Amino acid sequence: MQRNEHQESNQEEEPVPGMQQLLDNPFMLLFLGVLFPTVFYILWGIMEIISIPAVK
Amino acid sequence: MAANMFRQCPDSGLFFHKSAESLMKAHAVFGVVYLLLGGFLGLLVALTRMPSLHILNAEDFYLALSIHGTAILIFWIIFFEMAVLYFASSTLLRSRPATPGIGWVGFLLMVIGSTLVMVAFFRGNSSVMFTSYVPMPAEPIFYLGLILFAVGALIGCFIFLATLVVAKQEKTYDGSIPLVTFGALTATIIAIFTIASGAVILIPTWLWSLGFISHIDPLMYRTVWWALGHSSQQINVAAHVSIWYAIAAIIFGAKPMSEKVSRTAFLLYILFLQLASAHHILADPGVSSTWKVFNTSYAMYLAVLASMVHGLTVPGCIEVAQRKKGFNNGLFEWLKKAPWANPVFSAMFISLIIFGFIGGITGVVMGTEQINLIIHNTIFVPGHFHATVAVGTTMAFMAITYFLIPVLFRRQLIWPNACKWQPYLFGGGMLILSLFLLGAGTLGVPRRHWDINFSDAALQFQFAGTAITMMGIAGLGGFLAAMGGALFCLIAVGSLVFGKRLDPGASLFSSFGFPMAASCYNIERPGKLGLAPVEQTGDGGIQAKGTFVLALVFLAAFVVYFFINAKYLSSIWPMG
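Heads up: the protein sequence lines correspond to chains A and B, in order. Counting in the working numbering, the first sequence runs from 1277 upward without gaps. Counting in the working numbering, the second sequence runs from 7 upward without gaps.
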């Protein structure tokens, strides 16, 4: 919020670090943010529940 | 020629788009309505759980508890979070909001959905509480209402993402999005996962309530439902941490100590925070310890690490800003000279301290599989989440509301003295409530129980006098907190209606979502948001010495409390 209104942005072109590219990509973050809990919490949890033997 | 759609607040310098500010106001006002309703019923719940008062009968108690939980944990929080998303995207990026018309459709769905849920509650056949565990049935309109509300919130999330795209395409800012917007993005991502999980479990449950599905497996329901129930509270964490950063910047002109570190901490939230939902399943026999320990320990600890990073960097950046202003004496002059009479700061700082010291530490204790056994399903759990949600999130939202009433609504706050005291009344009451619920829970008092004296039960049980006393003191804390919450609602609504207009165009209707007078919007397109200043690296020493000491105190409290609980576990369940 406290950004410098008049700061020049004509710095020399440098390659953007990979981590910054990731953090600047909201849709990649969305993909990861849905993938991790879906795999580790929901799918893994459901697989454990459905593998419980049914009562005979 | 394009119409002028923006106005600039003369006090804050922020730019508000006509459509976005109407959406912010409407969502925030509706959120406060649910805070008022949920808070009032929370008072009745607290007074019923005081053994000496016990004011409601069982049926009314479960109705009040159901409405209190749902109105506060879902409706107040998510309505307000939608307002935060419009603020963090349109206002902070100086961009027009994407598809504001569809934003109103989302808002309408949230209003209709939440109303249907309340109708179901008040008809008396859906007192299934916030968790609505199957096979306990609610009326179909209860589930339908939740689904409609979730769809509306999902629309708000996608409009936030679309606004990021619009802002980038129209080059309204240079470089990366601001840190506060990045925090809101984190909240949005967690919200999308949360709502998708809710759809996965609530749509079949709705069909079950209509008779189209014969059976919902209770463990399956609990596991998937908690991806909704707990993750919805993780949206709060990301949102209120963003507000901490925003208020540090607003009040002190503070800049993040390290953008990289803070953004990486938000990334840890995105990846791991939702996995903490598993701590609700720690006592369930159907899933393995491997699943439980991975989710609640390895993964959750990475999210806890992120919270500790934020807990260090937010006060740290305030300290650095204060020291630059000359408050350099000793370790804590920067904190003593902070504006404690300004509710924007005091509410935010109380939120930060109680969230970390009480909510954070007890959350880790609850997330440890072994220790969880001594407090699972006890009133320790509400003790924990009143520290995280009622103080951490709600007080952060109260803090930003005190800022937004003059800036967004263009009304002066009424009752300035009451504004100074309200955060202490609410925060103090909630602190008492949380601490004594934690204590009573450690002594085994169950959560959600109408009568711990078991006066009409076939099997009698007598809790220790200490536990009964703690429940009584917790009730007093709840009463104080309810008074503080009611005072906040009075100040907020009273300011919108009776507060002095700071802009002639700020009509009564504009306080509730209608645009201000057309003459207020005199800017076609705000100037571009420039790059953030380059970080000051300092002289190589510790710049925030006081915060570092506070962090050490926090870690000591963390270690001591963890081992006290481990010792307690060993005494009630001896080995060998």
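Heads up, the beta-carbon is just placed ideally off N, CA and C, and yes, glycines get one too. As the structure is a prediction and not an experimental result, all values here were calculated from the model.
Give me the chain B residues within the contact set of residue i, using Cβ-Cβ distance strictly less than 7 angstroms, ordered along the chain.
i, result
"Pro-1302(A)", "Leu-167, Leu-170, Leu-191"
"Gly-1321(A)", "Thr-229, Val-293, Trp-297"
Using a Cβ cut-off of 9 angstroms, pull out every chain B residue sitting near residue i, in sequence order please.
i, result
"Pro-1291(A)", "Neighbours of Pro-1291(A) on chain B: none; closest Cβ ~15 angstroms, over 9 angstroms."
Could you name the residues of chain A that residue i contacts, counting a contact when the two beta carbons are closer than 9 angstroms?
i, result
"Ile-276(B)", "Leu-1305, Leu-1306, Leu-1308, Gly-1309, Phe-1312"
"Leu-160(B)", "Simply none; closest approach about 12 angstroms."
"Ser-182(B)", "Gln-1296, Leu-1299, Asp-1300"
"Ile-557(B)", "One detail in the question is off: residue 557(B) reads as Ala in this sequence, not Ile. The premise fails here: Ala-557(B) is roughly 24 angstroms from chain A at the closest Cβ pair, so nothing lies under 9 angstroms."
"Ala-402(B)", "Simply none; closest approach about 16 angstroms."
Classify residue i as helix, strand or coil using the three-state DSSP reduction.
i, result
"Ile-529(B)", "strand"
"Gln-418(B)", "coil"
"Gln-14(B)", "strand"
"Tyr-567(B)", "helix"
"Pro-452(B)", "strand"
"Thr-374(B)", "coil"
"Ser-220(B)", "coil"
"Phe-21(B)", "strand"
"Tyr-139(B)", "coil"
"Thr-384(B)", "strand"
"Leu-59(B)", "coil"
"Arg-228(B)", "helix"
"Leu-431(B)", "helix"
"Leu-152(B)", "helix"
"Arg-1(B)", "Only positions 7 to 582 of chain B appear in the structure, and residue 1(B) is not among them; the question remains open."
"Gln-1283(A)", "Legend: pLDDT at Gln-1283(A) = 49, less than 50; position of this residue unreliable, value from coordinates given subsequently. Residue state, collapsed to three classes: coil."
"Leu-234(B)", "helix"
"Leu-537(B)", "coil"
Leaving aside the five residues before and after residue i along the sequence, list all residues of the same chain whose C-beta is less than 8 angstroms from its C-beta, in chain order.
i, result
"Phe-449(B)", "For the sequence presented, residue 449(B) should be read as Leu rather than Phe. Closer than 8 angstroms at Cβ, skipping near neighbours: Phe-469, Ala-470, Thr-472, Ala-473, Met-476."
"Asn-131(B)", "Ala-144, Glu-145"
"Tyr-40(B)", "Ala-77, Ile-78, Phe-81, Trp-82, Phe-85, Ser-120"
Leaving out the 5 sequence neighbours to the left and right, which residues in its chain are closer than 6 angstroms to residue i when beta-carbon positions are compared?
i, result
"Ala-245(B)", "Glu-87, Val-90, Ala-193"
"Ala-353(B)", "Met-401, Met-404, Ala-405, Pro-429"
"His-74(B)", "Gly-44, Leu-47, Gly-48, Val-51"
"Ile-78(B)", "Gly-44"
"Gln-549(B)", "Val-326"
"Phe-36(B)", "Phe-85"
"His-33(B)", "Phe-85, Met-88, Ala-89"
"Ala-480(B)", "Leu-439, Phe-442, Leu-443"
Which residues of chain A have a Cβ atom closer than 7 angstroms to the Cβ of residue i, listed in chain order?
i, result
"Ile-198(B)", "Leu-1306, Val-1310"
"Gln-280(B)", "Pro-1313, Tyr-1317"
"Ile-195(B)", "Leu-1305, Leu-1306, Gly-1309"
"Leu-273(B)", "Leu-1299"
"Ala-284(B)", "Tyr-1317"
Just to confirm my understanding: we take residue i, look at its own chain, exclude 5 residues before and 5 after, and list those with CB closer than 7 angstroms. What are they?
i, result
"Ala-512(B)", "Phe-415, Arg-416, Arg-417, Met-522"
"Leu-274(B)", "Leu-308, Ala-309, Leu-311, Ala-312"
"Pro-57(B)", "Ile-458, Asn-459, Ile-474, Met-477, Gly-478"
"Ile-570(B)", "none"
"Ala-254(B)", "Ala-260, Val-320, Cys-323, Ile-324"
"Met-30(B)", "Ala-89, Tyr-92, Phe-93, Leu-414"
"Leu-431(B)", "Leu-486, Met-489, Gly-490, Leu-493"
"Val-247(B)", "Gly-189, His-316"
"Thr-97(B)", "Leu-20, Phe-21, Phe-22, Ala-26"
"Lys-24(B)", "Met-11, Pro-521, Tyr-527"
Note down, in chain order, every chain A residue with its Cβ under 8 angstroms from the Cβ of residue i.
i, result
"Arg-269(B)", "Leu-1299"
"Leu-29(B)", "Residues of chain A passing the Cβ test: none, with the nearest at roughly 20 angstroms."
"Ala-492(B)", "None at all; the shortest Cβ gap to chain A is about 31 angstroms."
"Ala-32(B)", "The contacting residues do not exist; Ala-32(B) stays about 23 angstroms from chain A at best."
"Ser-461(B)", "Residues of chain A passing the Cβ test: none, with the nearest at roughly 38 angstroms."
Exercise. Using a Cβ-Cβ cut-off of less than 9 angstroms, give me the residues of the segment 217-234 of chain B that come near chain A, in sequence order.
Key: Asp-223, Leu-225, Met-226, Thr-229, Val-230, Trp-232, Ala-233
Quiz item: Is the segment 141-155 of chain B touching the segment 455-470 of chain B, taking contact as three or more C-beta pairs under 8 angstroms?
Solution: No: the two stretches stay apart, fewer than three of their Cβ pairs being nearer than 8 angstroms.
Quiz item: When you check each C-beta in the segment 287-317 of chain B against every C-beta of chain A, which residues fall closer than 8 angstroms?
Solution: Ile-287, Gly-292, Val-293, Ser-294, Trp-297, Phe-300, Asn-301, Ala-305
Exercise. Taking a Cβ distance cut-off of 7 angstroms, strictly less, list which residues of the segment 74-97 of chain B are near chain A, in chain order.
Key: none
Practice problem: For the segment 194-204 of chain B and the segment 254-274 of chain B, state whether three or more C-beta atom pairs, one from each stretch, are separated by less than 8 angstroms. | Solution: no
Quiz item: Any contact of the segment 377-393 of chain B with the segment 572-579 of chain B, i.e. 3+ C-beta pairs under 8 angstroms?
Solution: yes
Practice problem: Below 9 angstroms between beta carbons is the criterion; list the residues of the segment 420-448 of chain B that meet it against any residue of chain A, in chain order. | Solution: Taking 9 angstroms as the Cβ-Cβ cut-off against chain A, none of the residues of the segment 420-448 of chain B qualify.
Practice problem: Residues of the segment 113-144 of chain B with a CB closer than 7 angstroms to any CB of chain A: list them in chain order, please. | Solution: none
Quiz item: Any chance the segment 149-158 of chain B sits against the segment 13-27 of chain B, with 3 or more Cβ pairs inside 8 angstroms?
Solution: no
Quiz prompt | Three-pair Cβ contact test at 8 angstroms for the segment 1308-1327 of chain A versus the segment 217-237 of chain B | solution = yes
Self-check item: chain A contacts from the segment 497-512 of chain B (Cβ-Cβ distance under 9 angstroms)
Solution: none
Quiz item: Contact between the segment 112-126 of chain B and the segment 60-68 of chain B: three or more CB pairs below 8 angstroms?
Solution: no
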